[in-house]
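2 protein chains.
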Amino acid sequence: MNLKQLSHMLSLSQTTVSRALNGYPEVSEETRRRVADAAKRHGYRPNPSARRLATGKAGMIGYVMPTGASVDIDPHFVEFLSGLGDYARGHELDLVLSPTTADDEETTYRRVVANKQVDAVYVSSPRPADRRIVLLNQLGLPFIVHGRSEGLDFDYAHIDIDNEAAFHDAARLLLQLGHKRIALINGDTSQTFAIFRERGARRALAASGLSLPPDRVRSLAMTEENGFRAANSLLRGNEPPTAILCSSLIMALGVIRAIRDLGLTIPGDVSLIAHDDVFPWLKPENFSVPLTTTRSSIRAAGERVAERLAARISRLETEPLGEVWPVDLVVRASIATAKN
Amino acid sequence: MNLKQLSHMLSLSQTTVSRALNGYPEVSEETRRRVADAAKRHGYRPNPSARRLATGKAGMIGYVMPTGASVDIDPHFVEFLSGLGDYARGHELDLVLSPTTADDEETTYRRVVANKQVDAVYVSSPRPADRRIVLLNQLGLPFIVHGRSEGLDFDYAHIDIDNEAAFHDAARLLLQLGHKRIALINGDTSQTFAIFRERGARRALAASGLSLPPDRVRSLAMTEENGFRAANSLLRGNEPPTAILCSSLIMALGVIRAIRDLGLTIPGDVSLIAHDDVFPWLKPENFSVPLTTTRSSIRAAGERVAERLAARISRLETEPLGEVWPVDLVVRASIATAKN
DNA sequence: ACGGCAAGCCAAAGCGCTTTGGCTTAGTGT
DNA sequence: ACACTAAGCCAAAGCGCTTTGGCTTGCCGT
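Going line by line, the protein sequences match chains A and B. At position 116 of the first sequence the residue is numbered 116 (our numbering), and the sequence of numbers has no breaks. At position 298 of the second sequence the residue is numbered 298 (our numbering), and the sequence of numbers has no breaks.
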């Protein structure tokens, strides 16, 4: 069933039927009803390709997905995707993933824009002065950044969590418990979220007259293995930390393994706070010592990104609005007062 | 730059240019070269919407993605996606994700087909007599199933790993080590992979004159928490198992936690073998007791699915070919002879 | 020298929608 | 009674491709 056939059975022009269906004003209410009715009854659905060709709008949102041997899409992505899907599902929005290598990112963005494949994209894991953001900004494609960049001389739409405050507060809590030697096992600092976290922790320590020396910081891809290695090297050093801040639950698994291997206990010997993105399949409250966490649902962020993307597509949102979510600090058994 | 402009500067018709670019035979080699050359120089790229409208081909592969509060897309998905992306990237194939609820799955498939949004789809996590497969088969959309269904009266293209053999071999190994009471902590048996695994384990036990009683099997969503619960209830029962087969590394985390909480050791008190889908962020060799695993890269499967999907799209592959990959059994420290 | 044929090219007709620019008709003010 | 307007509808022109159905050439055999 296409427009032509439908308009034929209604003895109306394609123009009128199209307008009726798309809510244009120059159609009488009665006609509109008749049309809507017939469309539903016959299960008419506008052909998206045709519509796309005519309007230039795609009805899809895009994500340029870095792939390749060296790039591991991590489980955060899928959780974010779930949230995005939750929203998109209710709004007949589809998601286009365009795989790319790190080198070809710019080319891929340009292709996607040139092809008008999508109406908007989202950008994840931003880096400082992220070139993707600069590019999208000048290409004029609506976009939202999940996270924040730094050092850009223009504003852009984003939603982020308050990583700095989260790690500041977490560090402050450890300080209040009397810890002096606090270590940070962070994600890769080429990503801004990791930079913010380090900054937050450092600020809290500075406020207590303490510092976060470089040898008490590790910045690595967030795998279990790296968590283990980082904790191991920290705890075997001299003046080992009495408390550890960790950027991910998966890393925390490795951290805990290291602590245990060394015959130490949590929180007796080492207090531990980790960031929890809220995975349904790995919960900090279920760790053998329930983990104190800074918590923020990455799935909720995905949902919000989709919502705002939809708003931008329909021009309900136009300003380069930044949204920063507070992060919960959830206290569980993995922290205790420092023994000194 | 569009076809019209390009053909104009070449003083050729749109027809010829189109044919030259698409490799039709009725163009002289010289013309073809000229055209290809000019196209490259001016960065001409056919508008996909227009092409789609004209041909009905989409140049995309689809995935109908179940989402919703009760459905957790799990980390396996993203790993699979990585693989798919690895292939797609090199072939300018994009992936369309259409989020749906479990109830609307059929509707969504129909919509995707009716809209000609994609040239092919893949189906994951098949169930016995999976209705999606039936539907796709009758709709005539090319598809590949990642995994297998059962009880369907027609053949269909799929790629799967040999779950039955994997768990058969793993169980047999435990038997050879003298274990008599072997338990299975499985994924949800509404999925065929879990059924096959159970079948494999059971077959191995039967071959030794043993059985796998229902109270020594757990079938649950593969989360850390469920792994913990399952192991806990198994080990606290009377006649606790001396060996456990576990369907996922994430569950194994919970299993190990339970074992440890009970003051037991691996492999002293309990031998453990888990299935490893090969996540870059969680490796069995790095567990505090390195884990014996049945191993098969889900990422590789994604890559292969994309490859075959592409072949089906271009009609290089047409038969309903089934492909079943063998699974490695990788022995590490987590198994030992039974104490009895 | 002429019909036949293949090679190489082209004009134009779609694909199914949106949108521009009119065209009626009925209603309004004077 | 007339010009003018607004409401409601329509025909046709795109959007940028592919593909059908020719139309020229030049070459062959006879």
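Virtual Cβ for every residue (Gly too), placed ideally from N, Cα, C.
- Near chain A, meaning a CB-to-CB distance below 9 Å, the residues of the segment 87-104 of chain B are Tyr87, Ala88, Arg89, Gly90, Glu92, Leu93, Asp94, Leu95, Val96, Leu97, Ser98, Pro99, Thr100, Thr101 and Asp104.
- Shown here, Tyr63 of chain A sits in a strand according to DSSP, grouped into three states.
- Leu234 of chain B and Arg308 of chain B have their C-alpha atoms some 42 Å from each other.
- Apart from sequence neighbours up to five positions away, the residues of its chain that approach Thr337 of chain B with a beta-carbon distance below 7 Å are Leu177 and Gly178, ordered along the chain.
- Interface annotation for the segment 166-185 of chain B against chain A: empty, criterion Cβ-Cβ distance under 9 Å.
- In this structure, Ser271 of chain A places its C-beta atom within 8 Å of the C-beta atom of Ile335 of chain A.
- Within the segment 14-34 of chain A, contact with chain B at the beta-carbon level (separation under 9 Å) is assigned to no residue.
- A Cβ-Cβ distance of about 31 Å is found for the pair Pro48 of chain A and Pro75 of chain B, leaving them out of contact under the 8 Å criterion.
- Assignment of Asp328 of chain A by DSSP, reduced to helix, strand and coil, places it in the strand class.
- The three-state secondary structure of Leu93 of chain B, taken from DSSP, is coil.
- Straight-line measurement puts the Cα of Ser297 of chain A at about 5 Å from the Cα of Val278 of chain A.
- Classified as exposed, Gly263 of chain A has fewer than 16 neighbouring CB atoms from the shown chains inside 10 Å of its CB.
- From the listed residues A:Val123, A:Ser149 and A:Leu152, the smallest Cα separation to Pro142 of chain A is found for A:Val123.
- Counting along the chain, no beta strand (DSSP E) covers Ile250 of chain A; the unbroken alpha helix (DSSP H) around it starts and ends at Leu249 to Asp261.
- Contact check for Ile159 of chain B against Arg304 of chain B passes: the beta carbons are separated by less than 8 Å.
- Selection A:His275, A:Glu239, A:Pro66 and A:Arg299 evaluated against Ala165 of chain A yields A:His275 as nearest (Cα-Cα).
- Chain-order list of chain B residues neighbouring Ala50 of chain A: Leu53, by C-beta distance under 8 Å.
- At a cut-off of 8 Å between beta carbons, Met9 of chain B makes no contact with chain A.
- The C-beta separation of Leu93 of chain A from Met60 of chain A comes to about 7 Å, placing the pair in contact by the 8 Å criterion.
- In the three-state DSSP reduction, Arg127 of chain B falls in the coil class, being neither helix nor strand.
- The segment 141-178 of chain B contains, as complete beta strand (DSSP E) runs of 3+ residues, the segments 143-146 and 158-161 (chain order).
- For Phe154 of chain A, the closest of A:Gly56, A:Ile185, A:Leu136 and A:Ala201 by C-alpha to C-alpha distance is A:Leu136.
- Among the CB atoms of chain A, none fall inside 8 Å of the CB of Glu323 of chain B.
- Scanning chain B for C-beta atoms nearer than 9 Å to the C-beta of Arg45 of chain A yields Arg111, Ala114 and Asn115, reported in chain order.
- The beta carbon of Glu239 of chain B is closer than 8 Å to those of Arg181 in its chain, skipping five residues each way along the sequence.
- Selection B:Ile161, B:Asn163, B:Val134 and B:Leu139 evaluated against Gly151 of chain B yields B:Val134 as nearest (Cα-Cα).
- Between Ala36 of chain A and Lys116 of chain A, the CB-CB gap reaches or exceeds 8 Å.
- The Cβ atoms of Val78 of chain B and Ile73 of chain A sit closer than 8 Å to each other.
- Under the Cβ distance rule, Asp74 of chain A counts among the residues neighbouring chain B, one pair being separated by less than 8 Å.
- The criterion of a C-beta distance shorter than 8 Å is not satisfied by Ile250 of chain A and Gly268 of chain A.
- Against chain B, a Cβ distance below 7 Å from Asn286 of chain A picks out Glu224, Glu225 and Phe228.
- The beta carbons of Asp328 of chain B and Thr294 of chain B sit about 7 Å from each other, so the pair counts as a contact at 8 Å.
- DSSP links Asn186 of chain A through a beta bridge to A:Ser219.
- The straight-line gap separating the alpha-carbon atoms of Ala252 of chain B and Gly56 of chain B is approximately 47 Å.
- Under the Cβ distance rule, Leu6 of chain A does not count among the residues neighbouring chain B, no pair being separated by less than 8 Å.
- In the structure shown, Phe279 of chain B falls within a strand segment according to DSSP collapsed to helix, strand and coil.
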